[in-house]
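Okay, so the sequence shown: first residue is 949 according to my numbering, each after it adds one.
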Amino acid sequence: MKKIELNIKGMTCAACSARIERKLSRLNGVINVSVNLPLNKGTVEYDDSKLNLDKIISTINSLGFAALLPENEVKVNPDEKEKKLLHKVIFSAILASPLILGMFLHIFHLDIAKYFMNPFVQFLLATPVQFFAGYTFYKGAYHNLKSGGANMDTLVALGTTAAYIYSVYNMFTGGDLYFETSTMLITLVLLGKYFEARATKKASDAINKLLKLTPKTAKVEKDGYIIIKDIKDILPEEILIIATGDTIPLDGVILNGEGYIDESYITGESIPVTKKPGDQVLAGTINISKSFKMVAKVKEEDTLLSQIIKIVEQAQTSKAPIQKFADKVSAYFVPSVILISIITFISWYLIKSNFYESIMASIAVLVISCPCALGLATPTSIMVASGIGAKNGILFKTSEAMENLGRIDTIIFDKTGTLTKGDLTVLSFKNLSQYTDEELLSCCYFLEKYSSHPIARAITQYSEKFYSGIEVDNVEEIAGVGIRGFYNGQELFIGKIIDKKGIPQEADVGIYINTIMVGYFVISDIIRDESQETIGKLKQLGLKIYMLTGDKKDVAIKIGNEIGIDLDHIYYEVLPTEKAYYVRKIKSNSTLVTMVGDGINDAPALSVADISIAMGSGTDIAIDVADVILMKDDLKMIYNAILLSRKTLLNIKQNLFWAFFYNIIGIPVAALGMLNPIVAGAAMSFSSVSVVTNALRLKHMYYKTIKKQ
C-alpha cells in the first residue's frame, strides 16, 4: 500500500479536478484519490502490487494535465507566475481599451469614433488578444476536448471565439462588429484569474511561513572550530551554536547556557519560555536572549516543525465530506452549460430570427457559468482554517476532521492530565503492618521507581526520602492495575485496592503483602485552572460532556461537581483497558463523539471515537493516533478548535451557497437575453474571487469571536 503526492499543472476549474479524480478512481488498485484545485496538488493512495506510479502519472497526463512528483518539479516562484499573469492582463487591456472607447464614442455619435470603429483597426487590435492573451484558454480547451472532457477553458474559448468569428464574418458582409466583446471577455477573465491567484496565495500564507521558519544553515562546533553547515547535512549529536536572535534549526537539547525562546509559531503561545541546560528546544523557535550551545537530536525531516508542516499539508490536500456534492455537480456542469448554450441559441433564433441576439445570449450563457467557484468553495476555506489552526497550535490531520469537529454533540474527557494537571501528590500514608514506615516506604520506592505512571511518580517522590537501600526482586508492572515484586520471599503489590470492605473511603492506592493489605496512600490530583471555565463554554455550545477516570466514586464525583460535569456523565474506577468500551457505549447514544486524552495511554479510546483530540506539550503527543493535535497543554484550546471548525463549516456553506446561487440565477438570466456578454464575463471572473475572499474572512471571523470570549 502506497500513498503519493503529485503536483498537477493545468487545472483551471472544478471540472478539471473532478475529471482527474474520476479517471484515477477507475484504475485497478486505486484506493483513494483527492485533488486540490487551489493548491494544484493530488494525493493518491493505491495498492502497489496492482498499480505503479508511472501508470498514475501517465493517466493524468493523458487528460491534458502535467503531473510531477514534488522533488522532480522545477520550482517556480508564485510571485513570478502572478507577475506573468498581470503582464497578460495589461497587454490585453491596452489593446481592448480602444475597442471599448470606440463603442462609447459611437453611442454619442462623435466623429472621432470612426477611427476606432474601422473594421481593420478593430481586427488588428482584437486578434493578438484573442490568440496570444487567450492562448491559455485554447490550450486548456484543446487538451480537455482531446481526452473527452470540458472545463472552464472550453466555455471561455467557445464564447470568445464565437464573438470573434462572427465579427470577422461581418467585416466582409457589412454587419455589426463585436470584437470588443471577445477582447473584454478575455481581459476580464484573465483579470479575475489574477485576483484569484493573489487571493489563493494569501490563503496559503500560513504554510509558506512555516516552510520559511527554519534557516538554511547553522553554526556547528567541531574539533574546537565553528563551521557553517547546511541543516540537511547536520546529524544527531552534533553541537550547534545558537546566538541571540537566531532561529533554532533542529530539535535538540540545550548543552550549556540558557535563553528565552519564542515558541509562538509552534505552540501558539506568545509568551517566551525560559530554557536551561537539559531542556528541549524545537526547530523554528527563536532565541531572543543569551547565546547557548545545543545538541541536535534529529535530522531536519524528523523535527516537530517538519511533522507540523506535513500535517497541515495533509489537511489541505485531503477532501472534506461537504465537498462531495459540489464535485458531483462539477463533473456534469460544463457539458450541461454547453448544452444550455446551444438550446438558447436555437430557441432565440427560432423565436426572433435574429442571429445577433441569438449568438449574444448563447455567449452570455457560456461565460456567466463558473465551475471555478464550486471548486474553490471548500478547499480555500480549509487552507485558511488549517493555517489559522497551525499558527495557534491547533493541528487538524484531515479536512474531514476539521469539518466533523464542528458537528460533534458529545465530548468525552479523560480526567488525569486533561481536566487535571496530572501532577499527583501523596496527601497521606497509612501503615497497617508490623513493618516500620521506613522499611515499607523503602519497598514502595524501589518498586515504583520502575514505573512512569503519574501515580508511581507521586509515590516515588513521597517515599524517596525514606529509602534505606532495600531492594525488591522480580519487579513486574501490570498495566492499569499496579506493580509487584518479591521482598524477603513474600509477594509485594502496590496498586488498585482489591477489596474495599473495611477500608477507609479516602484510600486510593493499596499496599499488599501476599494479598493482605498492609498500608495505603491517599493521593490527590490538581484540577486545571481553566477546566471549569472551559467546560462551561463547551456546554454553552450545546455539547454533552462526559468524564472517564480510574478514581474512586467519591473522588470522581467531587472533581466532576467542581468543574461542572453532570453526575450521570461521570464514569469512575475505569481501567485503561476499559476506556474504549465506555467510548463505544456513549457513542451509541450520540451523533458524533470526540474523545480528549493525552494521546499516549488513551490511544485505544482515542481510536474508537469519531474524532480524537490529543493534548500535549508538542513533543510527547501521539500524532499517529489523534485526528486533532493541540500543541499547547491548555484546555481552552479544545474550545478554540471546535469554534474554528464551526466557523470553517459555516464559511464553506456560505461559499457553496453563493457558488450555486450565482449559477442558478446567472444562467437563466443570460439565457433570457437579459445579460450582456461583457457583464457576464466580469461576473464570472469575480465569482471565484469572491469565494476566495470570503474564505479569507474566516481569519477575521475566528479572531473576532475568540476576542469576545
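No residue lacks a Cβ here, since even glycine has one placed at the ideal position from N, Cα and C.
Owing to the predicted nature of the structure, the values given are computational and were not obtained by experimental measurement.
message: Using 8 Å for Cβ pairs, my map puts leucine 1314 next to glycine 1107. What's the rounded Cβ distance?
response: Contact flag correct, Cβ pair sits at about 4 Å.
Using only the alpha-carbon positions, how far apart do aspartate 1568 and isoleucine 1451 sit?
With a pLDDT of only 49 at aspartate 1568, under 50, the local geometry of the prediction cannot be trusted, and no value is derived from it.
Looking only at C-alpha atoms, which of Asn955, Val983 and Ser1266 sits nearest to arginine 967?
The shortest C-alpha separation from arginine 967 is found at Val983.
Return yes when the Cβ of isoleucine 1175 is within less than 7 Å of the Cβ of serine 1040, no when it is not. Serine 1040 places its beta carbon 7 Å or farther from that of isoleucine 1175.
Exercise. Pick from Val1069, Ile1459 and Tyr1398: whose alpha carbon is nearest that of glutamate 1419?
Worked result: Distances from the CA of glutamate 1419 to each of Val1069, Ile1459 and Tyr1398 were compared; the closest alpha carbon is that of Tyr1398.
#### Entry: Identified DSSP bridge partners for valine 1374
Note: valine 1374 is bridge-paired with Ile1471 in the DSSP secondary-structure output.
- Status (buried if at least 16 other CB within 10 Å, exposed otherwise) for threonine 1292: So threonine 1292 counts as buried.
**Message:** Helix, strand or coil, according to DSSP, for asparagine 1603 in the structure here?
**Reply:** Here DSSP, grouped into helix, strand and coil, assigns asparagine 1603 to helix.
Self-check item: Cβ neighbours of methionine 1543 in the same chain (closer than 6 Å, five flanking residues each side left out)
Solution: Ile1360, Val1531, Ala1553, Leu1554, Ala1557 and Ser1560.
Item to complete: Select from Glu1478, Ser1329 and Gly1508 the residue whose C-alpha is nearest the C-alpha of arginine 1645.
Response: Taking the Cα of arginine 1645 as reference, the smallest distance to any Cα among Glu1478, Ser1329 and Gly1508 is reached at Ser1329.
Skipping 5 residues on each side, what residues in its chain have a beta carbon closer than 8 Å to that of threonine 1251? Once the five neighbours on either side are set aside, the close Cβ partners of threonine 1251 are Thr1162, Leu1198, Asp1199, Leu1230, Ala1231 and Gly1232.
Practice task
Give the single residue among Met1100, Val1077 and Phe1080 whose Cα lies nearest to the Cα of proline 1088.
Solution key: The question names proline, yet the displayed sequence has glycine at residue 1088. Ranked by Cα distance from glycine 1088, the options Met1100, Val1077 and Phe1080 are led by Met1100.
* Asked: Taking Cβ to Cβ, would you say serine 1538 is nearer than 7 Å to aspartate 1357?
  -> Contact flag set, yes.
- Counting along the chain, where does the beta strand (DSSP E) carrying glycine 1200 start and finish? Run containing glycine 1200: 1200-1205, per the beta strand (DSSP E) assignment.
Would tyrosine 1650 and leucine 1597 be called neighbours here (beta carbons separated by less than 7 Å)? The Cβ atoms of tyrosine 1650 and leucine 1597 do not sit closer than 7 Å to each other.
Grab me the residues of valine 1522's own chain with a C-beta within less than 7 Å of its C-beta, minus the 5 sequence neighbours each way, in chain order. Hits under 7 Å: Leu1496, Thr1497, Gly1498 and Tyr1530.
- Task: Using the Cα positions of asparagine 1235 and glutamate 1169, report the straight-line distance between them to the nearest angstrom.
- Result: Their Cα atoms are separated by approximately 18 Å.
Check: With burial defined as no fewer than 16 other Cβ atoms inside 10 Å of the residue's Cβ, what is the status of phenylalanine 1605: buried or exposed?
Finding: It counts as exposed.
Q) In the DSSP assignment, what residue or residues form a beta bridge with alanine 1166? A) Among the bridge pairs identified by DSSP, alanine 1166 is matched with Lys1177.
- In this structure, does DSSP put isoleucine 1431 in helix, strand or coil? Reduced to three states, the DSSP call for isoleucine 1431 is strand.
What does asparagine 976 pair with, by DSSP beta-bridge criteria?
Under DSSP, asparagine 976 shares a beta bridge with no residue.
In the DSSP assignment, find the unbroken beta strand (DSSP E) run with isoleucine 1577 in it and report its ends. Taken as a continuous stretch (DSSP letters only), the beta strand (DSSP E) holding isoleucine 1577 covers 1576-1578.
According to the neighbour-count rule (16 or more other Cβ atoms, all chains shown, within 10 Å of its Cβ), is alanine 1427 buried or exposed? Burial state of alanine 1427 is exposed, judged by a 10 Å Cβ sphere holding fewer than 16 other Cβ atoms.
Exercise. Considering only C-alpha positions, which residue in the set Gln1409, Leu1372 and His1401 is nearest to serine 1390?
Worked result: It is Gln1409.
Practice task
State the Cα-Cα distance for the pair alanine 1570 and alanine 1551, rounded to the nearest angstrom.
Solution key: Caution is warranted here: a pLDDT of 47 is assigned to alanine 1570, below 50, making its placement in the model unreliable, and the coordinate value is therefore given only provisionally. If I take the Cα positions, the gap works out to 8 Å.
Cα-Cα, which of Gly1205, Lys971, Lys1492 and Gly1335 is closest to isoleucine 1214?
Measuring from the Cα of isoleucine 1214, the nearest candidate turns out to be Gly1335.
Requested in this report: Closer than 6 Å by C-beta to proline 1225: which residues in its own chain qualify, once you throw out the five before and the five after it? Chain order, please.
Outcome: If the five residues before and after proline 1225 are omitted, its C-beta is found closer than 6 Å to the C-beta atoms of Ile1202 and Asn1204, all from its own chain and listed in chain order.
Discussion item. Taking only three categories from DSSP, how would you classify aspartate 1326?
Written reply: Looking at the sequence itself, residue 1326 is threonine, so the reference to aspartate does not match. DSSP places threonine 1326 in helix when its eight states are reduced to three.
Alpha-carbon to alpha-carbon, lysine 1238 and threonine 1222: Going from the Cα of threonine 1222 to the Cα of lysine 1238 covers about 11 Å.
Looking at the secondary structure, which residues open and close the alpha helix (DSSP H) in which serine 1095 lies? If you look at serine 1095, you'll find it isn't in any alpha helix (DSSP H); DSSP assigns it neither H nor E.
- Item | C-beta contact flag for alanine 1630 and leucine 1073 at 7 Å | Going by C-beta atoms, alanine 1630 is not nearer than 7 Å to leucine 1073.
Give every residue of the same chain whose Cβ lies closer than 6 Å to the Cβ of aspartate 1275, excluding the five residues on either side of it in the sequence, and list them in chain order. Here the set comprises Ala966.
Q) Helix or strand or just coil, what does DSSP make of serine 1560? A) Taken through DSSP and simplified to helix, strand or coil, serine 1560 comes out as strand.
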